[in-house]
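Report on the structure given below.
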Amino acid sequence: MMKGKKFLAAAGLAVSLTFGGTALPVLAAEQAPAVQQAAVVDAKAQLSKDLASLAEYNKGTMAFDMDLSSPLLSLCYKGSLSFNVEPKMAAKGTLAMEMIVPGAPSSIEQSAFYMQESDKDLTVYVQKADKSWEKTVAEKKEQKKTVDQTVDQALAVDLMKCTKEVTLGSSEGSKQSYLVTLDGKKFYPYLFQLLELDKKDAKDKKAAKDTEQLKKVLQSMGDIEYTVTIDRKEHMMTDLHANLTTQMRKALTSLLKEQKMTAEDEKGLLEIINGSTLEISFSGRKLESESDLNVPADVAAKAKLTDAKMPGVLPKVLPAGKK
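According to mature numbering (1 follows the signal peptide of the UniProt record, and there is no 0), the residues represented by the sequence shown are -28 to -1, 1 to 295, in order.
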């Protein structure tokens, strides 16, 4: 049986933490310094434990919302993923993008997808713009590390090594909120390693140049703050809110400085950058109906097989079938 519950939890969390966030109410300032320090230490240890417990989130629904606003246009991405990983992974999701340009009608693009696991592989069905379907198949492979070991390392060890500070936020029932500060000097190199961006063909000069430029951009973004709420009883991340406006502006400004242009053009682009905002949020809840995850018969029958490769992280976390 594929232990996909840990893969899904890790994937959702890794993406969430990549985007940073906003602040929650912190402890009262009038508290004694010694008490505050103890609370920070306790909060970090508690968060580490709660992050590790997310590996037990084996079925549910996660939603994603990203809003980018600028003087030129506004983009809104919305997505959802419902999944159940036992006894075999089954999932379905939707994606929607709305683009708004001042003075023009809004443009909306929508898509849907399904994921189905068998003993030997994982098949992903994706709906194209013309409403037709295509499918991609990823074969499971034996791994040196089990999925459990890989994800436990990411959730309980690696991310906490990148964490500079943790403060307890609000608490309601089994739900606990945290304000977390990630150390940019540690997190971005970890992100680079996680995405294996250094392993591209060294002979490809353009790819190497792009990689170095991306490193500079990431290094310019600084620390990241995010708020996350975890249901400690259900082992589920119920909310994560991100405001990446500052990080986005720093990244775009860094890219702009690498370009050759007149001072007037640079000034105009900087005005656009500094007038842009970026906010992202995630939410999680229990799965309402497992039967909805089945691939419709007409989709399975009509989907055209493609040779497109899965994202690099997928094959690595798909162990071979149980022997």
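Even glycine gets a Cβ: it sits at the ideal position worked out from N, Cα and C.
Residue i, DSSP secondary structure in three states
{"i": "Ser79", "result": "strand"}
{"i": "Thr218", "result": "helix"}
{"i": "Asp22", "result": "helix"}
{"i": "Val96", "result": "strand"}
{"i": "Met38", "result": "strand"}
{"i": "Asp91", "result": "coil"}
{"i": "Leu45", "result": "coil"}
{"i": "Ser253", "result": "strand"}
{"i": "Thr153", "result": "strand"}
{"i": "Leu224", "result": "helix"}
{"i": "Val129", "result": "helix"}
{"i": "Glu230", "result": "coil"}
Range of the contiguous alpha helix (DSSP H) that encloses residue i
{"i": "Val271", "result": "269 to 274"}
{"i": "Ala101", "result": "It is not in any alpha helix (DSSP H) - Ala101 carries neither H nor E in the DSSP assignment."}
{"i": "Val189", "result": "177 to 191"}
Short Cβ contact (8 Å threshold) for residue i with residue j
{"i": "Ser83", "j": "Leu67", "result": "yes"}
{"i": "Ser79", "j": "Leu265", "result": "no"}
{"i": "Met38", "j": "Ile252", "result": "yes"}
{"i": "His207", "j": "Glu28", "result": "yes"}
{"i": "Gly156", "j": "Asp130", "result": "no"}
{"i": "Leu212", "j": "Phe254", "result": "yes"}
{"i": "Lys232", "j": "Trp105", "result": "no"}
{"i": "Tyr97", "j": "Val271", "result": "yes"}
{"i": "Asp93", "j": "Val109", "result": "yes"}
{"i": "Met61", "j": "Leu45", "result": "no"}
Nearest-angstrom Cβ-Cβ length linking residue i and residue j, presumed shorter than 8 Å
{"i": "Thr210", "j": "Lys258", "result": "About 10 Å; that fails the 8 Å criterion."}
{"i": "residue 325", "j": "Leu154", "result": "Residue numbering for the chain in the displayed model covers -28 to 295; residue 325 lies beyond these limits and cannot be assessed."}
{"i": "Lys107", "j": "Leu277", "result": "6 Å"}
{"i": "Leu19", "j": "Tyr198", "result": "With 8 Å as the limit, Leu19 and Tyr198 do not qualify as a contact, their Cβ atoms being about 11 Å apart."}
{"i": "Val267", "j": "Gln99", "result": "Their Cβ separation, rounded to whole angstroms, is 12 Å, which puts Val267 and Gln99 out of contact at 8 Å."}
{"i": "Lys187", "j": "Phe164", "result": "7 Å"}
{"i": "Lys64", "j": "Phe85", "result": "7 Å"}
Unbroken beta strand (DSSP E) run spanning residue i, endpoints
{"i": "Gly247", "result": "Segment: none, Gly247 is in no beta strand (DSSP E) and carries neither H nor E."}
{"i": "Glu70", "result": "62 to 72"}
{"i": "Thr203", "result": "For the sequence presented, residue 203 should be read as Asp rather than Thr. Where Asp203 is concerned, the enclosing beta strand (DSSP E) stretches over 196 to 203."}
{"i": "Glu262", "result": "First-last for Glu262: undefined, no H or E at that position."}
{"i": "Glu137", "result": "135 to 144"}
Between the segment 234 to 242 and the segment 22 to 38, can you find at least three pairs of beta-carbon atoms closer than 8 Å?
Proximity of the segment 22 to 38 to the segment 234 to 242 falls short of the contact definition, fewer than three beta-carbon pairs being nearer than 8 Å.
Can you confirm whether the segment 246 to 266 touches the segment 208 to 222 when touching is taken to mean that 3 or more C-beta pairs between the two stretches lie within less than 8 Å?
yes
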